[in-house]
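At position 129 of the sequence shown the residue is numbered 1371 (this note's numbering), and the sequence of numbers has no breaks. As structure tokens, the structure follows; a few thoughts come after it.
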Amino acid sequence: MKSKLVVGNWKMHGSRASNEPLLAAIVQGRPYGCDVAVCAPFPYLTEVALAFAGSDLRWGAQDCSMHEQGAYTGEVSAGMLAEFGCRYVIVGHSERRQFHQESDQLVADKAKAALAKGVTPIVCVGESLAQREAGETDVVVKRQLSAVIHTLAHCAGEMVVAYEPVWAIGTGRTASPEQAQAVHALLRTQLRAATAHADRMKILYGGSVKADNARSLFAQPDVDGGLVGGASLKADDFIAICRAAG
Ligand code: 13P
């Protein structure tokens, strides 16, 4: 059986004071019986890397540039991340699609830039509440994933996909295990048409994953782990979620 993956997305949270005990607790909490990673803000990545050194814990960033290098003030390239041992980079999070107008193609180009440097992109897809209510969930997530599949071509099997319904992010309104499974199965079918590796690829669920709902979500056949926001900032909650995936 493939191991599950739990990724903490700190978003724009953290501080020198709060990171240290949180990271120490995550290290202390091992073993989890699943793969675990933390995606922290750029300034804290070295701190995460040092805290996790010598363990099987991984770390990642929350975005990267589609460019290799150049005059792109404020951007960080996948190559810079890779130099320090970065394993994952989240691309296409709904907060970036919404607040930074990231298009499906830009997200795909970022995923390609990451893979070119050996960093695994965690590609987020998900519908808004209005889109779900209009019955457009399938069309929206398929369109978002399709852009990435086409751009990555024969490398598509190397990404991690995260289904994050926008209406479930930070709202406490988690998708039911059945709702998550239905979309994950759809994404898996789409991946199967594109790559022979679809069945060993990881499709994570994100959106109000908590210690008390993680187990039932992770029990779904196409839910291969979670992308955890708020609960990844509390050591006890994050550890409980990781254990639920083990
Ligand atoms: P919450 O777990 O806070 O809902 O955030 C989910 C998310 O956006 C993870 O990337």
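Positions of the beta carbon are idealized from the N, C-alpha and C atoms, including for glycine.
Here residue 1301 is bridged, per DSSP, to 1280.
Bounds of the alpha helix (DSSP H) holding residue 1484 are 1477-1486. Around residue 1333, the same chain offers 1349, 1352, 1353, 1363, 1365 as residues with beta carbons nearer than 6 angstroms, after the five sequence neighbours per side are excluded. Distance between residue 1374 and residue 1429, taken at the CA atoms: about 16 angstroms. Rounded to the nearest angstrom, the Cβ distance from residue 1458 to residue 1407 is 16 angstroms, too far for a contact under 8 angstroms.
For residue 1362, the uninterrupted beta strand (DSSP E) run begins and ends at 1362-1367, by DSSP. Between residue 1451 and residue 1411, the C-beta spacing is not below 8 angstroms.
Look at which beta carbons fall closer than 6 angstroms to any heavy atom of ligand 1; those residues are 1251, 1335, 1406, 1411, 1412, 1448, 1449, 1450, 1451, 1469, 1470, 1471, 1472, 1473. Excluding sequence positions up to five before and after residue 1383, its CB lies within less than 8 angstroms of the CB of 1367, 1368, 1369, 1405, 1425, 1428, 1429, all in the same chain and listed in chain order. DSSP, read as helix, strand or coil, puts residue 1448 in strand.
Proximity to residue 1329 across 1294, 1245, 1342 peaks at 1294, based on C-alpha coordinates. CA-CA distance, residue 1274 to residue 1297, rounds to 12 angstroms. Taking 8 angstroms as the cut-off, the Cβ atoms of residue 1487 and residue 1467 count as close. If you look at residue 1468, you'll find it in the beta strand (DSSP E) that goes 1467-1470.
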